[in-house]
Amino acid sequence: MAYPYVSEREVRLISKHLGDPHARALAAAKQNGRYEGLRKALEMSPDQVVDVVKASGLRGRGGAGFPTGMKWSFMPKDYAKPHYLCCNADESEPGTFKDREILRWDPHLLIEGCLVAAYACRARHAYIYCRGEFFEATQVLARAVEDAYADGLIGDDVMGSGQKIDLTVHVGAGAYICGEETGLMNSLEGRRGEPRVKPPFPAAVGVFGMPTTVNNVETLCAAAQIVLHGAEWYRQWGTEKSPGTKLFCVSGHVNKPGNYELPLGFPLMELIDDVCGGMRNGNALKAVIPGGSSVPILSAEECRTCALDYEGVSACGSMLGYASVIVMDETTDIVKQVRRMAAFYAHESCGQCTPCREGSAWVTKILKRIEDGRGTEEDLETLKELTTQMVGTTICVLSDSVAAPVHSSIDKFRNDYLALIRRGERVGVA
Amino acid sequence: MPDRKDEATKPVETVTLTIDDQTITVPKGTTILHAAETVGTRVPHYCYHAGLSAPAICRLCLVEVEKAPKLVPACVTQVAEGQVVHTQSDKSLAMRRGVLEFYLQNHPLDCPICDQSGECKLQDYAHAEGRFHGRGKEPKRVFGRDDFGGDVLFYGDRCVMCTRCVRFMNEVEQEPRLTVVERGDRAIIDTFFEEGLEGTNYHGNIVDICPVGALISKDFLFKQRAWDLDRTPSVCPSCSQGCNIELHARDDLVQRLKPRVNMDVNAYWMCDYGRLNYEWINRGDRIEVPLVRKEQGTRATGWREALADLLQRLDAGPVRVVVSPRLSNEGLGTVRALVDHLGGGEIVYRSERAADEIPLKGFPKLVRRRDLAPNVNGAALLDMERTGGEDGDGGLEAFAAHTGVLFVVGDDLSDQPASFGEGALLYVYLGTHPSEAAAHAHFVLPLTTFAEQEGSFTNHENRVQRFWPALEPPGVARPTWLVLGALLAERTGSRPPTSAAAAFEAIPAFGGLTYEQIGTRGARPAPDRLEPAGASTRGERA
Amino acid sequence: MTNPQGRDAPFRNPGWAGNTGEFDLTEAQVRGDDFVGDRPLAGGHPAGAPSYPYMLPEKHPDAPLFEGPYRERFEKILTRYPDKRAALLPALGLAQEVRGHVSPETMDRVGELLELPPAYVRGVATFYTMYNKGPVGRFLIQVCTNISCNLCGADEVMEAFLRYANTEAGETSEDGDFTVIEAECLAGCGFPTCVQINSRYYENVTPADVPELCERLRAEGK
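Residue numbers (the working numbering), protein chains in the order written: chain A, 3 to 432; chain B, 232 to 773; chain C, 567 to 788.
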């Protein structure tokens, strides 16, 4: 099934059934192997499940890259308090669109992942926190959940094992910051989605004050597959420190944008030139954001040697983050795009911490002024200093996310800014 | 709040760390902010307040901790063994300077018209650690002025979003009227539309805890500059709770009241009723000089002449006295001593009593008591009887018609007719304010209010608390203890009290309690005496 | 009518991604309509009850809150959380489904039902973008203008909608049909420009598609 583009270089562990409407039905899903991983997990102890995931080296696919097995191992090893598993389906990072696809094409994979993780974390209740805008995808997921309940896959006696796990599909209401782990927990509790100070960590005090694990959709889907096929199986792809595959969301000025599941460590230029069919209109590459708008921008030169794993992208001066590759060609107006990104963060900042609340709006205003041709060279220094002041001073990293594209674009595309400042010329049109 | 008795008996685990090159040992669980205070460093902060939860959102208290990846907020980070903290390092100062710059970005240049000027934490921190020059060229966001109801005005432009006010209303008053609305740089404090703060009883405290001039008292709006005010520790006279307060005065007028910290009585708070009930202290219609009524008419005179005259007439008959629970312990004590010396007599007081008490749910020790006077317990300890109704009126029929010696001390008899005491052989009216019912008084002697004298009150749980004079007395008004103490001394041939301390310590009912023991925190007389003054200093910094 | 790509379809972007040649799913299949079917107003299984909020074209701002099947759905939502407070977001969404926006009176009533102070409910409701603070048109058109779509001409799509509806950004057209706003990333980045209209996603929208899209909305109500 071609959805919408498929490359033969893909290793479709999670994304196999994206684009197949028939795979949503429970019977078909089971035929595709869904819930076999859960069956296997239920035959092990929760700690053994955690060990398998630890051994696989799976790292969180929601931007931070924290080892998943280690995260699960932080949960208390008893049932004294109610534990919770939260699935973070609040996908709002610009450039990222993989979780929506999983939700609407292969919901049972996600449900299975939630159940496996809930079992491993000794949680009796799992919440899937879906982004509010995902109406249609959430309906598909909810219907799948109902089917799973009817089939005894969720509920008081999961697959006849005697384990009780409940699952609720919770819907957000439009706030990027609720994709942050502690912001999600606050939003789930019915509060303003403002991130919490850590410590205490979610595994100690999470939703409703109870031990909680929050995992990304893709992480949970990968975990289900890992438990089914084993840790070593997962390690046959990727690198030593970044094993396995990742759904790369490619967007921007390529011929074939879309989700591609590739082994970690895949070379960035091959992703653009081969898998995505090259730059549209044959234009030259100007810049790439490798991990969603919160990471530094890479210049075309830096992309040449960039390998798409956590270590490789760091070595090139950026971060893998969500692995959302935004490709910009020579027609791109960098200043406008950076301003748009800054405006996004200013809009989505929760407003608790002053550097982020004031800084994101201030930075946006300065960028707008530069874009309108009324900037000065001093503004560039101010922007760099302000963004430096915003890094590492706040509760969550949204503040750091504003700094990344602004600071890196001034460093690497200074001439674009200067053209506007000195001559009122916009470099690029898009 | 931890129970002090438990803490005293449990062995305390300690932690040793280094702050700003000084090695100290503090109890486990202390935050870096508090630990720094013990070495004399006050780390700047907004959102932290000792009486509220600590959300660590203002990001101003960031300090450098060696081996930590980022700067940490000192208000919530607990000390760890062997930690090395630098609160004044280049890194710390640079970070805090940066954060302050963000605070100033949207802050309006309102200092010339802002009441908070002179006691503003943004001014103080910016002056101490901020940038010399601002570089914000962008238009500032504007919220305008909002009337929150009650005594509070809200200048949204000045708000630094520390959320102390929201947390106070939620956690301490437990009337969740305030919230943060919107998100990001549109976020601001607001109420539920028009609901406001009406009907809440402690909202004045949010003006105190607001670090900037965003929350302003309507009562104090544009009244005085903070640096012109003289601040004097005192005790609130509006009910028997005895909240520790400060009188802020200028030009011999009380300009406002503020709470003073006392963890055993009122923590950091006071109620709105007491806070705004100070205008009577500023009343201009005061008795200023002794007045003596003779056949020829009433004449103003000096103390010496008036008291010499009075001295000769004290044995004119059985004694009846009306006192006021607004009198100090010292004043009431001398009344009791004088009456006893004259062979005894009935001493009564009237006092307004509210229908309900108004507790502060988040700090249950603090209650706006039913007795709306500061020294009801002082009067009770001296065996004085309450009379009259719940509104503080009536109950004086026998006194109005008394034919012997009638003293009225401190009660202004506002409900009594001009014929009061017309049949008394000796009627002495000592008071702060003139009264129609003093028309037949033979002597009208001027007294000072609590704000013009040193003295003490006894609160609802028999805690004696001292207050100090904030204002100059009008004319030649004197404290009650000085006037009656002199009379008594002449009668008994003993030395008159020459200080409020001496007057207090001469009262047997207080069991030998001394002013020194009372200090600024108060103490109970034996047998159930509390710890001596100084014990409750821990945890009091706001 | 044949669309510009030559395929036989009502028009080029009835909601699914692609039209890239080998792709031949129907709109219902892509949206999942055929799989989901009709979801009952009463919420179906409690596990899915909090996930309902629709943005419906027909709005009843004065409708009583949570009566009949909506009450049932509300009760089911309450059973899924250990704390009444946690039901606040789904409850506000449900209220918006019925009334079209969250007014002060709505906030007060929801607070009453969940035993939460009205000021608190206001604080939460204003935090989230999707709770409409005032009435909106029959169709709330949210155009993603964030970076991935912006690189591919989202600003022009936004302008096309504003031109067609003859209104300003954030305002409702005169006939009350369309409210057009800019949205942040809708997670449709591979299919620029992504537009959300009420509860449906429209992908690969170009300025040329806008008039046809809006005509269809008017005609079919969704």
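Where a beta carbon is used, it is the ideal one built from N, C-alpha and C, also for glycine.
C-beta neighbour in chain B for residue i, strict 8 Å
i, result
"C2/A", "Within the shown structure, residues of chain A are numbered from 3 to 432, placing residue 2/A beyond reach of any answer."
"P701/C", "no"
"R688/C", "yes"
"S295/A", "no"
"P627/C", "no"
"T692/C", "yes"
"V199/A", "yes"
Within-8 Å CB hit, residue i to chain A
i, result
"S765/C", "yes"
"P601/C", "Residue identity differs from the one stated: residue 601/C is Phe in this sequence, not Pro. Closer than 8 Å: yes."
"E332/B", "yes"
"A733/B", "no"
Where residue i meets chain C, residues with beta-carbon distance less than 8 Å
i, result
"A96/A", "Note that residue 96/A is Pro in the sequence shown here, rather than Ala. What P96/A touches in chain C: N712, I713, S714, E750, C751, C755."
"Y151/A", "H611, A613"
"L409/B", "A685"
Straight-line gap, residue i to residue j (C-alpha atoms, nearest Å)
i, j, result
"G313/B", "E220/A", "41 Å"
"N218/A", "L322/A", "15 Å"
"A289/A", "E303/A", "9 Å"
"G430/A", "C306/B", "48 Å"
"A575/C", "L591/C", "Unreliable placement is indicated for A575/C, whose pLDDT of 36 sits below 50; no coordinate value is reported for it."
"A266/B", "E429/B", "40 Å"
"C467/B", "C396/B", "23 Å"
"W74/A", "F705/C", "43 Å"
"A152/A", "A432/A", "50 Å"
"P464/B", "E653/B", "41 Å"
"N638/B", "A649/B", "Asn is not the amino acid found at residue 638/B; the sequence shown has Phe there. Distance between the alpha carbons of F638/B and A649/B: 16 Å."
"A652/C", "D168/A", "16 Å"
"A773/B", "F698/B", "Unreliable positioning characterises A773/B in this predicted model, as indicated by a pLDDT of 39, which lies under 50. The coordinate reading is nonetheless provided below. Cα-Cα distance, rounded: 21 Å."
"M187/A", "T689/B", "50 Å"
Integer Cβ distance of residue i from residue j, believed to fall under 8 Å
i, j, result
"G387/B", "F379/B", "Incorrect: roughly 11 Å between the Cβ atoms, too far for contact."
"D391/B", "Y334/B", "The amino acid occupying residue 391/B in the given sequence is Val; Asp does not appear at that position. About 6 Å separates the two Cβ atoms, so the contact holds."
"I420/B", "F385/B", "7 Å"
Proximal chain B residues relative to residue i, where beta-carbon distance stays under 9 Å
i, result
"K248/A", "Within 9 Å Cβ-Cβ: nothing; K248/A doesn't reach chain B, min ~26 Å."
Under 7 Å by beta carbon: chain C residues contacting residue i
i, result
"L169/A", "A613"
"M330/A", "L717"
"P78/A", "Here the premise fails: no neighbours, minimum Cβ distance about 18 Å."
Cross-chain neighbours of residue i in chain A, by beta carbon under 7 Å
i, result
"C289/B", "T356"
Closer than 9 Å at the beta carbon, the chain A residues around residue i
i, result
"M696/C", "G134, E135, G174, A175, G176, A177"
Closer than 8 Å at the beta carbon, the chain A residues around residue i
i, result
"P606/C", "Under the 8 Å cutoff, chain A gives no residues; its nearest Cβ is about 11 Å from P606/C."
"G367/B", "W364"
"S617/C", "C132, T140, Q141, L143, A144, V171, H172, V173"
Beta-carbon neighbours of residue i, restricted to chain B and to distances below 7 Å
i, result
"R349/A", "In the sequence as presented, Arg is not what sits at residue 349/A; that position holds His. The answer, in chain order, is G415."
Cross-chain neighbours of residue i in chain B, by beta carbon under 8 Å
i, result
"P670/C", "F423, F424"
Any C-beta of chain C under 8 Å from that of residue i
i, result
"V639/B", "no"
"H255/A", "yes"
"V373/B", "no"
"S189/A", "yes"
Given 8 Å, three or more beta-carbon pairs between the segment 705-718 of chain C and the segment 754-766 of chain C: yes
Between the segment 366-382 of chain B and the segment 639-647 of chain C, do at least 3 Cβ pairs fall closer than 8 Å? no
Mind the definition here: the segment 113-126 of chain A touches the segment 218-236 of chain A only if three or more C-beta pairs lie below 8 Å; say whether that holds. yes
The segment 253-262 of chain A in contact with the segment 323-341 of chain A per 3-pair CB rule at 8 Å: yes
Is there contact between the segment 130-138 of chain A and the segment 77-94 of chain A, where contact requires at least three CB pairs shorter than 8 Å? yes
Cβ contact check for the segment 352-367 of chain A and the segment 195-202 of chain A: 3 or more pairs under 8 Å: yes
Does the segment 208-215 of chain A come into contact with the segment 68-87 of chain A, if we say contact requires no fewer than three beta-carbon pairs (one atom in each stretch) closer than 8 Å? yes
Interface residues of the segment 293-323 of chain B facing chain F [CB-CB below 7 Å]: The question asks about chain F, but that chain is absent: this structure's protein chains are A, B and C.
Are three or more beta carbon pairs between the segment 669-685 of chain B and the segment 703-723 of chain B nearer than 8 Å? yes
Between the segment 720-729 of chain B and the segment 662-676 of chain B, do three or more beta carbon pairs fall short of 8 Å? no
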